[in-house]
Each structure stands twice: as structure tokens, then as C-alpha cells.
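Down below is the structure, laid out as C-alpha cells.
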Amino acid sequence: MKKGLTESAMGLFLLVMVFLAVRYGSVETLSEETAAASERPLVVIDAGHGGNDPGKVGVDGSLEKDINLEIAKRLKTYLEQSDVDAVLTRETDAGLYSESDTGKKAADMQNRCVLIEKNDPDLVVSIHQNSYHEEYVSGGQVFYYKDSEKGRRLAEILQRRFDYVLGEENRRQPKANGSYYLLRNVRCPIVIVECGFLSNRREAALLNDNEYQDRLAWTIHMGIMEYLNGK
Ligand SMILES: [Zn+2]
Numbered sequence: 025m026k027k028g029l030t031e032s033a034m035g036l037f038l039l040v041m042v043f044l045a046v047r048y049g050s051v052e053t054l055s056e057e058t059a060a061a062s063e064r065p066l067v068v069i070d071a072g073h074g075g076n077d078p079g080k081v082g083v084d085g086s087l088e089k090d091i092n093l094e095i096a097k098r099l100k101t102y103l104e105q106s107d108v109d110a111v112l113t114r115e116t117d118a119g120l121y122s123e124s125d126t127g128k129k130a131a132d133m134q135n136r137c138v139l140i141e142k143n144d145p146d147l148v149v150s151i152h153q154n155s156y157h158e159e160y161v162s163g164g165q166v167f168y169y170k171d172s173e174k175g176r177r178l179a180e181i182l183q184r185r186f187d188y189v190l191g192e193e194n195r196r197q198p199k200a201n202g203s204y205y206l207l208r209n210v211r212c213p214i215v216i217v218e219c220g221f222l223s224n225r226r227e228a229a230l231l232n233d234n235e236y237q238d239r240l241a242w243t244i245h246m247g248i249m250e251y252l253n254g255k
């Protein structure tokens, strides 16, 4: 009996509190803030490879997975400074598989897709570095899924932006692709940004330079802002 009474008193107290909060605006302010937060665009940044998968290995011995992660983390910071929410597919060296997985690469790719679908972002940028058997080849290139109009638009913006980082010599065009796993399996607009060639000695040195990584992240961030603002 006594317990029941206490509970009713508590219930009444809470009711009064809610009434006061609504009456004097604090709940309204809170819901406005929540609404504003949910209206922020969300970008998933995928740092390619990781763990037992180094990606491309540079002429200088540097590993693609490390460079991808550096650029991805810097890009996240720049996006957040521009009021865009950003989620990384990995924040450490570890890949997205467990030691018990027999097909680690397949598990890793599937888990990246699951993470992307769960976050339901406005777009995905997958960061990679390239390599080629002829050393003279250099420059950045952006890939998009062949049937995605939005992906193509994002790729064109980012490809143009490479000129600011690399200078005049970057003559590459964004390229449609229908076979890359992430491009085929992710439903929202997604691009793969190959920032440069680790097989080119000059570019490999640049890609390992913190200031250059920062310039790449800044440029990709500017391209994403251009895409989001033009939506
Ligand atoms: Zn790669």
C-alpha cells in the first residue's frame, strides 16, 4: 500500500516535470537540437585493406593500408569541422574479419558492406592507393559504379579536385566500373578514390608525407562538400 502510494507520487511528479519542461521550452529546444543533428549529412569513409591485407606495397616498402588510414582519419576531422557526420570503417590497422574466418578477404568486404548499410550514409568514399608495373605512371583516379548517376557526379567532382593537389599533369578521367565488390554491393552513392601510385618513387614519397596526406584529405573533403551542397 505504502509502496503504491510512493509510486503514484513519483508518477505525478514526473508528469508535472514533463508539463513544465514542455511549457517552458526545454523539451522543445531538445527536440530541435535532435532534429538538427539528424539532418546533418553522414559520410562513411572506408580506409581500404588492413590487418593481414596490406594492399599495394610501395617501391619504398610503404604499405597502402597505412596511407589509406592516415588520409581517412584526416578526412573525418575535416568533414566534422564542416558539420558533416563521418564514420570510419576501421580506425586501427585491424581489418574487418576475425581470426576464425577462413576467407578473411571475403569476410572483410562483407563486413564493410554491412557497416555501410547499417549507417545508411549519404555517400561513401573508399580510400585506396594504386600501383602499376611501369614506374612513370602517376596521379589520382576516382572510380564509380557504372549504373550510378550520383556516383558519377561525385566522382567527377573529386577527379577535378585532384588538379589542386597534383598540379596540371593529372589528365585522368573518372572511370566507371562494374566489378569492384564495394561498388557492386553498396546501394548509396560510392566512389573509390585511388589517391596516387605507390609504384612511382616520387609519388610514393609524397603519399607518405603527412602534409601531402593532409592536402589530399582537405581536397576530398572540399569535393564532398561541393557534392552535398549541390544535391
Ligand atoms: Zn587498395
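Residues in the sequence shown are numbered consecutively from 25, following the working numbering. Positions of the beta carbon are idealized from the N, C-alpha and C atoms, including for glycine. The structure displayed is predicted, hence computed values, not measured ones.
Notebook entry, point to check: What separation, rounded to the nearest whole angstrom, lies between the Cα atoms of Ala71 and Gly79?
Noted result: 11 Å
Next item on the list: Kindly indicate which three-state DSSP category Ala118 falls into: helix, strand or coil?
Entry: coil
Checklist line | CB-CB length for Val215 against Val161, believed under 8 Å | finding: Rounded, the Cβ-Cβ distance is 20 Å, inconsistent with contact.
Next item on the list: Along the beta strand (DSSP E) that carries Cys212, what are the first and last residues, could you check?
Entry: Counting along the chain, Cys212 falls outside any beta strand (DSSP E), and DSSP gives it neither H nor E.
Next item on the list: Kindly indicate the opening and closing residues of the alpha helix (DSSP H) around Lys97.
Entry: 88-105
Notebook entry, point to check: What's the C-alpha gap between Ile248 and Leu178?
Noted result: 7 Å
Check: Opposite His152 in the DSSP bridges: which residues?
Finding: Glu218
Notebook entry, point to check: Ala241: buried (16+ other C-beta within 10 angstroms of its C-beta) or exposed?
Noted result: buried
Next item on the list: Since I believe Arg208 is in contact with Ala169 (beta carbons under 8 Å), could you give me their beta-carbon distance rounded to a whole number of angstroms?
Entry: The amino acid occupying residue 169 in the given sequence is Tyr; Ala does not appear at that position. Yes, Tyr169 and Arg208 are in contact; Cβ-Cβ is about 7 Å, under 8 Å.
Next item on the list: Have a look at Gly74 and Gly119 and give me their C-alpha separation to the nearest angstrom.
Entry: 4 Å
Checklist line | Coil, strand or helix - Asn224 by DSSP | finding: coil
Next item on the list: Using the Cα positions of Glu173 and Asn232, report the straight-line distance between them to the nearest angstrom.
Entry: 33 Å
Notebook entry, point to check: Beta carbon of Lys80: closer than 7 Å to some heavy atom of ligand 1?
Noted result: yes
Next item on the list: Please classify His157: is it buried, with 16 or more other beta-carbons within 10 angstroms of its beta-carbon, or exposed?
Entry: exposed
Next item on the list: Just mark Asn154 as buried or exposed, buried being the case when its beta carbon has 16 or more other beta carbons within 10 Å.
Entry: buried
Notebook entry, point to check: Assuming His245 and Ser106 make a contact with CB atoms under 8 Å, what is their CB distance in whole Å?
Noted result: 7 Å
Check: Which two residues bound the contiguous alpha helix (DSSP H) that contains Tyr160?
Finding: Where Tyr160 is concerned, there is no enclosing alpha helix (DSSP H), given that its DSSP letter is neither H nor E.
Check: Just how far apart, CA to CA, sit Asn224 and Val81?
Finding: 11 Å
Checklist line | Cβ-Cβ distance between Gly163 and Gly220 below 8 Å | finding: yes
Note to self: Using DSSP's beta-bridge definition, name the partner residues of Phe186.
What the structure shows: According to DSSP, Phe186 bridges with nothing at all.
Next item on the list: Quick one: residues in its chain with C-beta nearer than 8 Å to the C-beta of Glu159, no 5 flanking neighbours on either side, listed in chain order?
Entry: Val83, Ser223, Asn224, Arg225
Check: Using CA coordinates, which residue listed in Leu139, Ala33, Asp171 is at the minimum distance from Ala110?
Finding: Leu139
Note to self: What does the alpha-carbon distance come out to for the pair Arg114 and Leu93?
What the structure shows: 8 Å
Next item on the list: Please confirm whether Arg64 and Val108 have their CB atoms less than 8 Å apart.
Entry: yes
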